[in-house]
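The block underneath contains the structure these notes are about, expressed in structure tokens.
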């Protein structure tokens, strides 16, 4: 590309600018309106109760507020191991789960009326005649043949299975009467309820974790505040210690490689004269036990040569790139000063986080309502042969239809949720649109944050006298310019990224579906496509980030900004690589230091190993719960601070490269860079004192 030329009117972010990429702005508004329409339609047709509450065989919900019958009980039929959660023609709503073994026949023949009255709770609501013959009751499916001790879970009744000394038991029994005069082993219940027991144990674990949070939440908040203060202190210290930290890292890498060379030489000399150590790698061939290679002198000689080459390459790079490393360190220091003058920038990620939470909440709620938009489908169930078996039916007209005449024992019962209307046929497309809009809006929110921060930090760099020439509220000014003039450009960049991300999600879905397939070529092709689109997504994120900086400074459209940023970086590719690696190292070191320090402090506190506050630590079921929470929270806080810092460094770097191309230090074209950068590059503003 062509280097930028001097422009006497350019004094930083341009205020007299026009709207860019208007077509994309209009497209974004139209799709948002369509997204709202999809949400309204989904909320009109959807019913989240289908996810929360179970249904009986008639399609009625169990456990709704004001409903006495809270739980669903599946009446066993045939082998009792068929007990499961899904809807079937044997589910009824009950007020409580059974707590004992009991068959209807034994309850009917019991001398105490309370037994039969208790059993009636697990019959259909219409069952009132307790004197009806048991064979007739069971034939009419008004009551289950038997009940077993059960445990309520997610408003469903599951067999209360437990193990005692290695013996599987339900209640206190190992066998039970199935209601048809046969004794069965409780292990037959295991297959149908083992998943329920896992969920039950998970729920108990969740309750204990919740208890730990209730007694330690304020200490967790204190830990997160410490992480926030530590992140702020680290950013301030980078102004003074960035150079020391980078050079210490470089020296440590050289010393570690030097020790590796020394260790390889010692192992090589140690194996001299030992039997079998002089065998060549070619003669040995491939061995599954890799430890065999460590007994060969040639292995250690190869390691030593490789490490020597790496050591020499690093030393040569340091010799030839030392000036660029110093520039990177100076830019990092300058970024710390810029953030010090625009402290509100450290709080701006909270705004981005809030908008992202709104996007996630709208996407999740719309997805739930769309997935529950299906209608209840009823089908004909019967015990004897019937030509209408499995056909759909309507409960309202079923009793007056010909089906009941031809098949007297047939019933019209709830089968599943579905639908045959045009809306139901296009539900998958609406779900796809929901996912696409989530990616687009989430990327748009992130882009808005990046443009806002870039505009604020560019105002700092292009202020000739820092900070006197800076605008009063650079962050709010940049935010207003981004929304007023560049919504279309942000929509354009985020749209490209969203398309790539949706393709990646689709590829992941296809990969999941093809896991059971034996088509190796398809799997190989899919893996290649996943790798390519992963690289493409990384490149687009990098290009978008720098394009947004150009948009914030010059107010040009997305394509022009992306092209100018790309060519500017390519003209300074070595500086870009050095700065990228140096900043990556410092951010990694900062996150590791903050998360590690706060995590170790939390570990010693919650495990009561600090004597001064030993009695202050709360009693916990699992001490790792608050510790992990503090560690994850500390990482997110540190990441939020360093994301601002990273955007600041990238913005100042692009402005620095533009400054070098536009200006030459003369009175007409003075440099805007800081005195430290000018001193490092041996540049001066002739006839003017340094700012």
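Residue numbers (the numbering used here): -6 to 684. Even for Gly, the Cβ is constructed at its ideal location relative to N, Cα and C. The structure presented is a predicted model; accordingly, all values stated were derived computationally and were not measured.
Taking Cβ to Cβ, would you say residue i is nearer than 8 Å to residue j?
i: residue 570; j: residue 554; result: no
i: residue 375; j: residue 403; result: yes
i: residue 290; j: residue 264; result: yes
i: residue 575; j: residue 239; result: yes
i: residue 454; j: residue 665; result: yes
i: residue 500; j: residue 437; result: no
i: residue -4; j: residue 556; result: no
i: residue 526; j: residue 497; result: yes
i: residue 647; j: residue 558; result: yes
i: residue 551; j: residue 485; result: yes
i: residue 382; j: residue 373; result: yes
i: residue 95; j: residue 128; result: no
i: residue 328; j: residue 6; result: no
i: residue 618; j: residue 202; result: yes
i: residue 533; j: residue 493; result: yes
i: residue 630; j: residue 217; result: yes
i: residue 420; j: residue 366; result: yes
i: residue 204; j: residue 614; result: yes
i: residue -1; j: residue 662; result: yes
i: residue 13; j: residue 548; result: yes
i: residue 658; j: residue 675; result: no
i: residue 220; j: residue 470; result: no
i: residue 47; j: residue 90; result: no
i: residue 131; j: residue 101; result: no
i: residue 304; j: residue 250; result: yes
Pop quiz: residue i and residue j are said to be a contact at Cβ under 8 Å. What is the actual Cβ separation, rounded to whole angstroms?
i: residue 445; j: residue 491; result: Actually they do not touch by this definition, with Cβ atoms about 20 Å apart.
i: residue 11; j: residue 478; result: 7 Å
i: residue 606; j: residue 596; result: Residue 606 to residue 596, Cβ: 13 Å. No contact.
i: residue 686; j: residue 115; result: The structure shown has nothing for residue 686, since the chain only spans -6 to 684.
i: residue 331; j: residue 645; result: 7 Å
i: residue 339; j: residue 637; result: 6 Å
i: residue 642; j: residue 228; result: That pair is no contact at about 11 Å.
i: residue 362; j: residue 39; result: 3 Å
i: residue 449; j: residue 467; result: 4 Å
i: residue 261; j: residue 297; result: 6 Å
i: residue 640; j: residue 447; result: 6 Å
i: residue 236; j: residue 322; result: 5 Å
i: residue 694; j: residue 254; result: Beyond the ends of the chain as shown, which are -6 and 684, falls residue 694; an answer cannot be given.
If you reduce the DSSP assignment to three classes, tell me which class residue i lands in.
i: residue 563; result: helix
i: residue 369; result: strand
i: residue 140; result: strand
i: residue 317; result: helix
i: residue 54; result: strand
i: residue 152; result: strand
i: residue 81; result: For residue 81, the pLDDT reaches just 37, beneath the cut-off of 50, and the residue's location in the model is therefore unreliable, although a value from the coordinates is still provided. It is coil, neither helix nor strand.
i: residue 87; result: strand
i: residue 75; result: Reliability of the predicted coordinates at residue 75 is poor, the pLDDT of 30 falling under 50, and the value obtained from them is presented with this limitation in mind. Residue state, collapsed to three classes: helix.
i: residue 146; result: strand
i: residue 674; result: helix
i: residue 480; result: helix
i: residue 600; result: coil
i: residue 48; result: strand
i: residue 116; result: coil
i: residue 135; result: coil
i: residue 379; result: coil
i: residue 612; result: coil
i: residue 202; result: helix
i: residue 666; result: coil
i: residue 9; result: coil
i: residue 127; result: helix
i: residue 607; result: coil
Using DSSP bridges, identify the partner residues of residue i.
i: residue 407; result: 371
i: residue 397; result: Paired residues: none, contrary to the question.
i: residue 619; result: Looking at the DSSP assignment, residue 619 forms no beta bridge with any residue, so it has no partner.
i: residue 386; result: 371
i: residue 694; result: The chain is shown only over -6 to 684; residue 694 falls outside these bounds and no answer can be derived.
i: residue 95; result: 140
Just to check, is the beta-carbon of residue i closer than 7 Å to a non-hydrogen atom of the ligand GTP?
i: residue 529; result: The ligand GTP is absent from the structure shown, which contains no ligand whatsoever.
_Please give me, in chain order, every unbroken run of the alpha helix (DSSP H) with length at least 4 that falls completely inside the stretch 218 to 291._
274 to 277
_Residue ranges of each alpha helix (DSSP H) within the stretch 11 to 41, 4 or longer_ = 15 to 38
*Would you mind listing the alpha helix (DSSP H) stretches within the stretch 495 to 564 that are 4+ residues and don't spill past its ends, in chain order?*
513 to 547, 551 to 563
_In chain order, what are the residue ranges of uninterrupted alpha helix (DSSP H) at least 4 long that sit wholly in the stretch 438 to 471?_
none
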